[in-house]
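For what it's worth, my numbering labels the leading residue of the sequence shown as 1, then goes sequentially. Structure, as structure tokens:
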Amino acid sequence: MCRYILRRLLSMTPILFGVSVVICLILRLVPGDPARLVAGLDATQEDVKIIRSSLGLDRPLPVQYLAWLGNVFRGDLGRSTRTHRPVTQELGLALPATVELTLCPTVVAVLIGVTAGTTAAVRRNSFFDCGSMVVAQLGVCTPSFWLGLMLMLVFAVKLDLFPITGRGGLENLVLPAVTLGTDAAAIIARVTRSSMLEVLGMHYIRTAHAKGLSERAVVLRHAVKNALIPVITVIGLEFGYLLAGAVVTETVFAYPGVGWLLVEAIGFRDYPVIQGALLLLAMQFALVNLVVDALCAVVDPRISYG
Numbered sequence: 001m002c003r004y005i006l007r008r009l010l011s012m013t014p015i016l017f018g019v020s021v022v023i024c025l026i027l028r029l030v031p032g033d034p035a036r037l038v039a040g041l042d043a044t045q046e047d048v049k050i051i052r053s054s055l056g057l058d059r060p061l062p063v064q065y066l067a068w069l070g071n072v073f074r075g076d077l078g079r080s081t082r083t084h085r086p087v088t089q090e091l092g093l094a095l096p097a098t099v100e101l102t103l104c105p106t107v108v109a110v111l112i113g114v115t116a117g118t119t120a121a122v123r124r125n126s127f128f129d130c131g132s133m134v135v136a137q138l139g140v141c142t143p144s145f146w147l148g149l150m151l152m153l154v155f156a157v158k159l160d161l162f163p164i165t166g167r168g169g170l171e172n173l174v175l176p177a178v179t180l181g182t183d184a185a186a187i188i189a190r191v192t193r194s195s196m197l198e199v200l201g202m203h204y205i206r207t208a209h210a211k212g213l214s215e216r217a218v219v220l221r222h223a224v225k226n227a228l229i230p231v232i233t234v235i236g237l238e239f240g241y242l243l244a245g246a247v248v249t250e251t252v253f254a255y256p257g258v259g260w261l262l263v264e265a266i267g268f269r270d271y272p273v274i275q276g277a278l279l280l281l282a283m284q285f286a287l288v289n290l291v292v293d294a295l296c297a298v299v300d301p302r303i304s305y306g
């Protein structure tokens, strides 16, 4: 397992390198001049030229990329052209908010999704099964930005139960967490139901029933554990998607996380912050996939990463 983890960590290097190249190229295709935005509307062409030179934007693109990449290997992601603070400091301030906003809906989504999916599989073709899958389908189809706006309209504007924007106590986390977790809970419920139905049809489940074990014991001791492998994979993928999907939710609720920082940086053409934030999101997703593979091996000893 240790060798496998080491190989996976080493294989992340070319992946992150490719991501960084794509990010650098796409940023230069986006309209807008960072030097002009930094200089202001009243600045002369000479002022803009001086700022462009100080930012290194007058150099060829390959030279800019190699200089940035060399700084990344030294742990320096550059300085924000908007706040003039180190990018690592900007990300360090925003990352805890994104992790908080991602972990809470993930935990709730797992509890709701696994419970609903397991119950629906055990009570196949029942009213609960049909109803929960209809709700799950609606959850999958509902856009997160629309759901966030509707939750704000009902629970913040009409009922005045929760604050609309910002980060503070638990009340500030409820609406963004529900917005993020709805889609994840729906997908986890559908996958759990499908995996449980497959396991419940196995011979050893019928053998356990023939031995006189109760339905609860059969489901909890035998069925759930063997149905967890695809569920864990989906949970890991959803956690990665939530980290990226937090960009939309943080924008809707003005939640000061990495997503909100990224959107602001795009508006100001803050290249160092954009490149650092996107590289961080890519690294998080790769690490989540690695953790998921390790968890699958722990849950099912038959899985071997030789």
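Beta carbons are placed, not taken as given, at the ideal position from N, Cα and C, and that holds for glycine. In this text, all values refer to a predicted model and were calculated from it rather than measured experimentally.
Contacting residues, own chain, Cβ-Cβ under 8 Å from residue i (five flanking each side not counted)
{"i": "Leu280", "result": "Leu91, Leu95, Val258"}
{"i": "Ile232", "result": "Val292, Leu295, Cys296, Val299"}
{"i": "His84", "result": "none"}
{"i": "Tyr204", "result": "His222"}
{"i": "Phe162", "result": "Phe155, Ala156, Glu171, Asn172, Val174, Leu175"}
Where residue i falls, given that 16 or more other Cβ within 10 Å makes a residue buried
{"i": "Gln284", "result": "buried"}
{"i": "Phe239", "result": "buried"}
{"i": "Ser144", "result": "buried"}
{"i": "Gly75", "result": "exposed"}
{"i": "Tyr255", "result": "buried"}
{"i": "Val134", "result": "exposed"}
{"i": "Thr182", "result": "buried"}
{"i": "Leu153", "result": "exposed"}
{"i": "Thr44", "result": "exposed"}
{"i": "Asp160", "result": "exposed"}
{"i": "Arg269", "result": "buried"}
{"i": "Leu151", "result": "buried"}
{"i": "Ala210", "result": "exposed"}
{"i": "Val191", "result": "buried"}
Neighbourhood of residue i by C-beta distance below 6 Å, restricted to the same chain and skipping five residues each side
{"i": "Ala189", "result": "Gly113, Ala116, Gly117, Ala136"}
{"i": "Ile23", "result": "Gln275, Leu278"}
{"i": "Tyr65", "result": "Cys24"}
{"i": "Arg8", "result": "Leu290"}
Given residue i as reference, the closest of the options once Cα atoms are compared
{"i": "Thr81", "options": "Gly40, Cys296, Leu29", "result": "Gly40"}
{"i": "Leu149", "options": "Gly139, Val140, Ile164", "result": "Ile164"}
{"i": "Ala97", "options": "Trp260, Leu278, Cys296", "result": "Trp260"}
{"i": "Glu250", "options": "Val99, Ser214, Ala186", "result": "Val99"}
{"i": "Gly139", "options": "Ala185, Leu61, Met152, Cys130", "result": "Ala185"}
{"i": "Trp68", "options": "Ala246, Val21, Arg123", "result": "Val21"}
{"i": "Leu29", "options": "Leu61, Ser126, Trp146", "result": "Leu61"}
{"i": "Leu27", "options": "Leu57, Ser132, Ile5", "result": "Leu57"}
{"i": "Ile187", "options": "Tyr204, Phe162, Gly212, Ser132", "result": "Ser132"}
Contacts around residue i, its chain only, beta-carbon distance under 7 Å, and the 5 residues preceding and following it disregarded
{"i": "Val358", "result": "What the structure shows of the chain is the stretch from 1 to 306, and residue 358 is not part of that stretch, so it cannot be assessed."}
{"i": "Ala208", "result": "Val218, His222"}
{"i": "Gly166", "result": "Asn172, Ala254"}
{"i": "Gly169", "result": "none"}
{"i": "Val263", "result": "Val247, Thr251"}
{"i": "Ile266", "result": "Ile274"}
Whole-number beta carbon distance between residue j and residue i, since they are thought to touch under 8 Å
{"i": "Leu175", "j": "Ala156", "result": "7 Å"}
{"i": "Ala177", "j": "Val108", "result": "7 Å"}
{"i": "Pro105", "j": "Leu242", "result": "7 Å"}
{"i": "Tyr236", "j": "Val291", "result": "The identity of residue 236 in the sequence shown is Gly, whereas the question assumes Tyr. About 7 Å separates the two Cβ atoms, so the contact holds."}
{"i": "Ala282", "j": "Val19", "result": "4 Å"}
{"i": "Phe128", "j": "Thr119", "result": "6 Å"}
{"i": "Leu200", "j": "Ala121", "result": "6 Å"}
Beta carbon proximity, residue i to chain C, threshold 9 Å
{"i": "Gly78", "result": "In summary, chain C is missing from the structure at hand, where a single protein chain is found."}
- Any chance the segment 47-56 sits against the segment 22-38, with 3 or more Cβ pairs inside 8 Å? yes
- Given 8 Å as the limit, is there contact between the segment 217-231 and the segment 182-201, that is, 3 or more CB pairs closer than that? yes
- Query: Is the segment 284-295 close to the segment 8-16, with three or more CB pairs under 8 Å?
  - Reply: yes
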